Structures are given as C-alpha cells and as structure tokens.
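Using the working numbering, the letters of the sequence shown map in sequence onto residues 1 to 260.
Report on the structure given below.
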Amino acid sequence: MSTPLNPVDPKIALVTGSSRGIGLAIAKKLLSKGYLVILNGTNNTQLKKICEELAEKYPIVDAMSANVSDENSVAELFQQIEKKYNKLDVLINNAGISPRLNGNKPTVENTLTDHWIQTIAVNLTGVFFVTRAAIPLLKKSSCGRVIQIVSQAGQMNTGFASAHYATSKAGLIGFSRVLAGELGSLGITVNCVSPGKILTEMAATYSNAAVVEQAYIDRTPLQRIGQVDDVVGAVAFLASQEASFISGAVLDVTGGFFMP
C-alpha cells in the first residue's frame, strides 16, 4: 500500500506536455494521489482552462506555460516555480513530438531538415533545458524523482517510428543514465518509462493508423494496443516511495513487443 502524502505539505510535481494525452493523464493520476501538480504546455489559454476544470476536483493544481525547446522560456518557468514553491519533488519530462510527412512515417531519405531539428529540439534538447533548470529545486526535496517518457523506438527498430523520433528517444535514455549517476548521491532517482504503441491523439495522426495498430497487435504477446492508463501506472510507481531504490532503469510498457 502506498504511503499517503501529507496534505499540508504535498509533494510538488511538474509534468511537461500535460495539456492532453499521456501527460494530462499522468497529471490527473498524481493529483488523485495528493501531489500538487504543475501542468505545462505552450498554449497558456488551453492550460488555464484545463487547470480550472481540474481545480473543481483537485484544489492543488497549477499551470505554467513554457516552450521546453526555448532555453529562456524554460528559465522563466523555473523562476516562477522557485518563487511560488521553492522546491520540486517530481519532474516528469513528457513533452514530445513526432512530425509526419503527408500523414506517414518519413524515411531517412525524405525526412525534412526542419522536422529533424524540431524533433531533437523538443524531445531531447528540451529535456536537457528543463532538467538542468530543475536540479537546484530537486536538491531541496527529500525524495527527488526525474521520470522521462521515452519509447521502445529508442531501443529497437519497430518499423513504425521515424528516425528523428527514435534518435531523440535513444538519446534521452543515454542522457538519463548519465543523470542517474550524477544525482544518485543526492538521493534523486532518474528513470525512464518506455511505452510501446499507445492509443493517443498523436498516434491517431498516422494516415494508416488502423494498419499500424493491427501490425503491432500481431507482433505483441499480450495481443493489444496499450492504453494511457498502462503508462500512467508505471509513472506513478516510479514517483512513489516504493521505487526509491530504482534508478537508471528503463521500464518497458510494451505488452511484450520489446524484450531486451
């Protein structure tokens, strides 16, 4: 059984890219467990609306817009967090993109330069900006957690993922292992959650989504596509006290599609 959080002094969690999909689901899960959650996204109006809706059920929710790929925007975000809360207990780097080409996965040969640069900027450099800025606040926590949302595409050739996306996620896994080594002596754990095919809005943007989903099911021992709650449960576990001796790990949530 999980240890309940102190309602007077709740743990503070920042979830990047939490205006929809997996990020929003993670935020809701942590809110339900008593965390004070800071929502993040680039659309301030949308964030405020979501925050207001969630506040009807969870009074300890906040929202701060920032573009994770913009170093100055990230610096302003953490200035706000420091001024308002003066610490951070859990950082979940979830913000990510996977540009398509005419609704399909581009090959390396036809990958647009702008798409490559944009994907690396958001999925990898953005995590660097956010994490580097978060470390001083995480040091103030008695149980700091950094959780990266990566992908099975960063560990294998799935046949479904583009080169820019797979490269960004593989780089993120390497970054996380170095970070785990650097922050371990401070009691801060760093882990990755690596989803397989999950039913999300982003996944549905493939022009041949149904074909891709069936191909995934055919190659997966559990014979289904993952649900958002499958990822959320793994994240909540790694954020908890029960996972205090786990660091530098990659938790695969693929239904058995990837078996290292």
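Every residue, glycine too, gets a C-beta built ideally from N, C-alpha and C.
Model, not experiment: these values are computed from the prediction.
Around the C-beta of residue i, are 16 or more other C-beta atoms found within 10 angstroms, so that it is buried, or is it exposed?
i, result
"G184", "exposed"
"T16", "buried"
"L172", "buried"
"P221", "exposed"
"V74", "buried"
"A25", "buried"
"A335", "No answer is possible for residue 335: it lies beyond the span of the chain, which begins at 1 and ends at 260."
"G181", "exposed"
"L179", "buried"
"Q241", "exposed"
"S244", "exposed"
"I117", "exposed"
If you run the structure through DSSP and keep just helix, strand and coil, what is residue i?
i, result
"N40", "coil"
"I50", "helix"
"G171", "helix"
"A243", "helix"
"T45", "helix"
"K189", "Correcting the residue type first, residue 189 is Thr in the shown sequence and not Lys. Here T189 sits in strand by DSSP."
"I120", "helix"
"L179", "helix"
"A249", "coil"
"A166", "helix"
Excluding five sequence neighbours on each side, which residues of the same chain lie with their C-beta closer than 8 Å to the C-beta of residue i?
i, result
"T125", "S69"
"Q227", "I198, L199"
"K84", "D62"
"A215", "G159, F160"
"E324", "The chain is shown from 1 up to 260; residue 324 falls before or after that span and cannot be answered."
"E201", "R20, G21"
Might you give, ordered along the chain, the residues of its own chain that have their beta carbon closer than 7 Å to the beta carbon of residue i, omitting 5 neighbours on each side?
i, result
"Q80", "M64"
"A163", "V108, T111"
"M1", "Unreliable positioning characterises M1 in this predicted model, as indicated by a pLDDT of 31, which lies under 50. The coordinate reading is nonetheless provided below. So no residue of the chain qualifies."
"R177", "G248"
"V253", "V193, S194, P195, G196, G226, D230, V231, A234"
"N67", "T42, S73"
"A121", "S69"
"P10", "G34, Y35, L36, I60"
Assuming residue i and residue j are in contact, meaning their beta carbons sit under 8 Å apart, how far apart are those beta carbons, in whole angstroms?
i, j, result
"N40", "N104", "Contact doesn't hold; Cβ gap of about 29 Å is too wide."
"D89", "C143", "6 Å"
"F257", "R219", "6 Å"
"I149", "N191", "Not confirmed; about 11 Å, so no contact."
"Y58", "L101", "So it is not a contact: roughly 39 Å between Cβ atoms."
"I188", "L138", "5 Å"
"T119", "I97", "6 Å"
Once the 5 residues before and after residue i are set aside, which same chain residues still bring their CB inside 6 Å of it?
i, result
"G280", "Since the first residue of the chain shown is 1 and the last is 260, residue 280 is not available in this structure."
"I239", "Here residue 239 is Ala; the residue named in the question, Ile, does not match the sequence. So the list reads V90, R145, once near-sequence residues are dropped."
"I38", "L14, D62, M64"
Those runs of the beta strand (DSSP E) which lie wholly inside the stretch 122 to 164 and span at least 3 residues: 145 to 149
Unbroken stretches of the beta strand (DSSP E), 3 residues or longer, contained in the stretch 69 to 110: 90 to 93
What residue ranges within the stretch 194 to 230 form continuous alpha helix (DSSP H) runs of no fewer than 4 residues, ordered along the chain? 209 to 218
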